[in-house]
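Below: one structure, written as structure tokens.
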Amino acid sequence: MTLTELKYIVAVARERHFGRAAEACFVAQPTLSVAVKKLEEELEVKIFERSAADVTLTTLGEEIVRQAQSVLEQAASIREIAKRGKDPLAGALTLGIIYTIGPYLLPELVRQSLKRTPQMPLMLQENFTVKLLEMLRTGEIDCAILAEPFPDAGLAIAPLYDEPFLAAVPSSHPLAERESVSALELKNETMLLLGTGHCFRDHVLEVCPEFARYATNAEGIRRTFEGSSLETIKHMVSAGMGVTLVPRLAVPDDALSTVRRRRSDEPFIRYLPIIEESDAAPPSRRVVLAWRRSFTRYEAIAALRNAVHACDLQGVQMLGG
Numbered sequence: 267m268t269l270t271e272l273k274y275i276v277a278v279a280r281e282r283h284f285g286r287a288a289e290a291c292f293v294a295q296p297t298l299s300v301a302v303k304k305l306e307e308e309l310e311v312k313i314f315e316r317s318a319a320d321v322t323l324t325t326l327g328e329e330i331v332r333q334a335q336s337v338l339e340q341a342a343s344i345r346e347i348a349k350r351g352k353d354p355l356a357g358a359l360t361l362g363i364i365y366t367i368g369p370y371l372l373p374e375l376v377r378q379s380l381k382r383t384p385q386m387p388l389m390l391q392e393n394f395t396v397k398l399l400e401m402l403r404t405g406e407i408d409c410a411i412l413a414e415p416f417p418d419a420g421l422a423i424a425p426l427y428d429e430p431f432l433a434a435v436p437s438s439h440p441l442a443e444r445e446s447v448s449a450l451e452l453k454n455e456t457m458l459l460l461g462t463g464h465c466f467r468d469h470v471l472e473v474c475p476e477f478a479r480y481a482t483n484a485e486g487i488r489r490t491f492e493g494s495s496l497e498t499i500k501h502m503v504s505a506g507m508g509v510t511l512v513p514r515l516a517v518p519d520d521a522l523s524t525v526r527r528r529r530s531d532e533p534f535i536r537y538l539p540i541i542e543e544s545d546a547a548p549p550s551r552r553v554v555l556a557w558r559r560s561f562t563r564y565e566a567i568a569a570l571r572n573a574v575h576a577c578d579l580q581g582v583q584m585l586g587g
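Numbering of the sequence shown is given in the working numbering, commencing with residue 267 and proceeding in unit increments.
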């Protein structure tokens with residue numbers, strides 16, 4: 267049994283395909299297939315069920331791949347220990363981030379990271395929460411910036427900041443003349459939502475649960491529309507198709523100015539704070555940094571968190587130090 271063979275079975279488990287796994291490992295498919303078969307023969311168990319259409323893990327295979335991933339991480343940690351003797355922050359850090367945070371946080375975060383830890387370049391991966399959690403589990407990424415809540419995957423978590431939501435309405439809408447709006451008032455509007463898979467969609471439905479039913483029946487097509495990104499949704503709002511909620515960092519600072527400017531970047535959208543009818547706090551989301559508990563580059567995680575806290579993020583409440 268070799269580390270290379272363990273690397274191959276982890277790749278096959280991740281890709282569910284021998285050809286793609288071979289490409290990911292930069293070897294020929296026959297080389298990878300022979301190595302996997304050799305390991306199965308040595309262990310006298312089947313790790314994978316093979317068919318013409320798919321490759322799946324056996325029950326024992328799942329346990330073996332999980333342990334193989336742990337062994338590979340421990341082997342990598344030996345190299346990291348050696349690196350830390352020279353520079354605790356040496357080497358790239360692979361960071362995952364969800365779609366509704368990436369465009370608004372990454373430009374400033376990358377600048378801060380390059381300024382503070384140039385020896386630790388960030389390798390970035392944007393994706394859905396569920397995919398990033400899987401990539402964390404398999405070791406494809408080192409850490410991820412996510413919005414709570416998400417399924418507990420036994421991860422270490424450090425809070426970064428709390429971010430309020432604002433209502434985005436067309437400037438021609440009657441609500442645009444208001445200074446704030448309530449969730450109750452939004453329930454009678456045509457709500458524009460992100461597509462299934464975006465956690466921010468779930469956040470919007472928590473604030474306006476009335477729209478959950480529109481996502482599950484045909485009538486909803488007349489009452490809600492879906493977009494692939496927050497920027498797409500904002501363009502739909504500016505076209506007068508409906509209203510939506512957006513996180514604070516997705517709002518240009520000049521759009522909140524009390525002085526209406528003719529040449530504003532988004533002259534057709536008005537952003538309003540959401541005021542709850544009761545004493546409850548306005549709707550918001552908590553953004554956190556998550557990583558595997560077995561990940562040994564503690565200094566890198568701390569440096570990344572410090573870089574986030576050094577960012578000039580208007581309208582959010584930073585958490586921790």
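C-beta atoms are modelled at their ideal positions from N, C-alpha and C, and glycine is treated no differently.
Owing to the predicted nature of the structure, the values given are computational and were not obtained by experimental measurement.
**Message:** Considering just the uninterrupted stretch of the beta strand (DSSP E) at C577, what are its terminal residues?
**Reply:** Note, C577: premise wrong, no beta strand (DSSP E); not H, not E.
**Request:** State the DSSP-derived secondary structure class of A481, mapped to helix, strand or coil.
**Result:** Note that A481 has pLDDT 46, beneath the 50 cutoff, so the model's placement of it is unreliable and no number is given.
**Message:** Just to confirm, is the Cβ distance from G357 to M389 under 8 Å?
**Reply:** no
**Item:** C-alpha distance - T360 paired with E443, whole-angstrom precision
**Value:** 45 Å
**Helix, strand or coil at V337 according to DSSP, with G and I counted as helix** = helix
**Assumed close pair L309, A279 - CB separation to whole angstroms, cut-off 8 Å** = Incorrect: roughly 15 Å between the Cβ atoms, too far for contact.
**Prompt:** Three-state secondary structure (DSSP) at G368?
**Reply:** helix
**Message:** In the DSSP output, which residue or residues are listed as bridge partners for T297?
**Reply:** According to DSSP, which records beta bridges pairwise, T297 is partnered with nothing at all.
**Item:** Range covered by the beta strand (DSSP E) that runs through R286
**Value:** Here R286 belongs to no beta strand (DSSP E); instead the alpha helix (DSSP H) covers F284 to C291.
**Message:** If the criterion is Cβ atoms closer than 8 Å, does the pair L579 and Y365 meet it?
**Reply:** no
**Request:** Can you grab the Cα-Cα spacing for the pair G362 / K303, in whole Å?
**Result:** 33 Å
**Opening and closing residue of the alpha helix (DSSP H) in which T268 lies** = Unbroken run through T268: none, as it is neither H nor E.
**Asked** Would you call the CB atoms of T456 and V509 closer than 8 Å?
**Response** yes
**Prompt:** Per DSSP, A424 is paired with what?
**Reply:** L555
**Request:** Within its chain, find whatever has a CB closer than 6 Å to the CB of L441; leave out the 5 residues flanking it on each side and keep chain order.
**Result:** V435 and V447
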